[in-house]
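Heads up, the thing below is written out as structure tokens.
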Amino acid sequence: YNVSPTYVDNKFYDFVPQIGLLPDTIITGAEYAPTATSTELKFRIPFEQGKYEYKPEDMVAVLNALNEPDFIINKIYIAAYSSLEGTQRENEILQKKRAQSIVKALEKNQNANIVDSIVTAANFEDLKADAKGTIYEEVCNMDLEEAISYVNRHAKEMEFLLQNHRYADVVIWVTYDVDGDK
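The sequence shown begins at 67 in this note's numbering and counts up by one.
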């Protein structure tokens, strides 16, 4: 099937005036001076099972993406989660080490000490949400200790669910760097 081109009246364009760059006529003699603004950046860093140490080079892609434009970190908030396999004590240690590793990587990138808030927790709520409608739905009606025991007995089969529960949510409050040529 052939579609013929539509009709365009080229004469119409002869009547449209050319628009160029117009100066600001309201404010005379004023130059634009950029001012530093602040904002909140959010991102999620996934973890592999048992991994807690992030080196600064592991986060280069994240930091490079965040550095457009350059910014100065004012404060960070990290919520580090682990899946339920292992003991509660082991998971608490793992969560804290994950959060501290992210803080160190961010501090090294900025060459400054950052006042930070860290929250750690077992990711029981995500597990409950993901287990609904699956053969593991009974975990939704358990308390945390029962769920940990259940997950440890079924960890290999539940890995497809558990892999989504190991992450850190990071919120960074930044001020954009507009000094010098920036």
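We put the beta carbon where it would ideally sit given N, CA and C, even for glycine. As the structure is a computational prediction, the values presented were derived from the model and not from experiment.
In whole angstroms, what separates the C-alpha of residue 163 from that of residue 108? For the purposes of this step, residue 163 is identified with residue 97 of the sequence shown, where counting begins at 1. For the purposes of this step, residue 108 is identified with residue 42 of the sequence shown, where counting begins at 1. Cα-Cα distance, rounded: 20 angstroms.
Does the separation of the CB atoms of residue 149 and residue 217 fall below 9 angstroms? What you label residue 149 is simply residue 83 of the sequence shown in a count that begins at 1. What you label residue 217 is simply residue 151 of the sequence shown in a count that begins at 1. Yes; because the gap between Cβ atoms is below 9 angstroms, this pair is in contact.
Between which residues of its own chain and residue 203 is the CB-CB distance below 6 angstroms, once the five residues before and five after are set aside? Taking the first residue of the sequence shown as position 1, residue 203 is located at position 137. Closer than 6 angstroms at the Cβ level, and outside the excluded window around residue 203, lie 197.
Apply the 10 Å Cβ neighbour rule to residue 99 and answer buried if 16 or more other Cβ atoms are within range, or exposed otherwise. On the sequence shown, residue 99 is found 33 positions in, with the first residue counted as 1. Answer is exposed; the Cβ neighbour count stays below 16.
By Cβ distance, which residues of its chain are closer than 7 angstroms to residue 183, with the 5 residues on each side in sequence left out? Indexing the sequence shown from 1 puts residue 183 at position 117. Counting only Cβ-Cβ distances below 7 angstroms, and skipping sequence neighbours, we find 143.
Rounded to whole angstroms, what is the Cα-Cα separation between residue 188 and residue 222? Start at 1 with the first residue of the sequence shown, and residue 188 comes out as number 122. Start at 1 with the first residue of the sequence shown, and residue 222 comes out as number 156. Whole-angstrom Cα-Cα distance: 18 angstroms.
What does DSSP give as the partner residue(s) for residue 174 in the beta ladder? For this step, residue 174 is matched to residue 108 along the sequence shown. Residue 174 pairs with nothing; no bridge assigned.
Short Cβ contact (9 angstroms threshold) for residue 103 with residue 239: As a position in the sequence shown, residue 103 is number 37, starting the count at 1. As a position in the sequence shown, residue 239 is number 173, starting the count at 1. For residue 103 and residue 239, no; Cβs fall outside 9 angstroms.
With 16 as the cutoff for other CB atoms within 10 Å, does residue 246 come out buried or exposed? As a working mapping, residue 246 is identified with position 180 in the sequence shown. Per the 10 Å Cβ criterion, exposed.
From residue 231 to residue 155, what distance separates their C-alpha atoms? In the sequence shown, the residue the question calls residue 231 occupies position 165. In the sequence shown, the residue the question calls residue 155 occupies position 89. Their Cα atoms are separated by approximately 17 angstroms.
Considering only the beta carbon of each residue, do residue 138 and residue 233 sit closer than 9 angstroms? Looking up residue 138 in the sequence shown gives position 72. Looking up residue 233 in the sequence shown gives position 167. Not closer than 9 angstroms, so no.
For residue 245, write down the residues that DSSP places opposite it in a beta bridge. As a first step, residue 245 is located in the sequence shown; it is residue number 179 there, counting from the start. Paired residues: none, contrary to the question.
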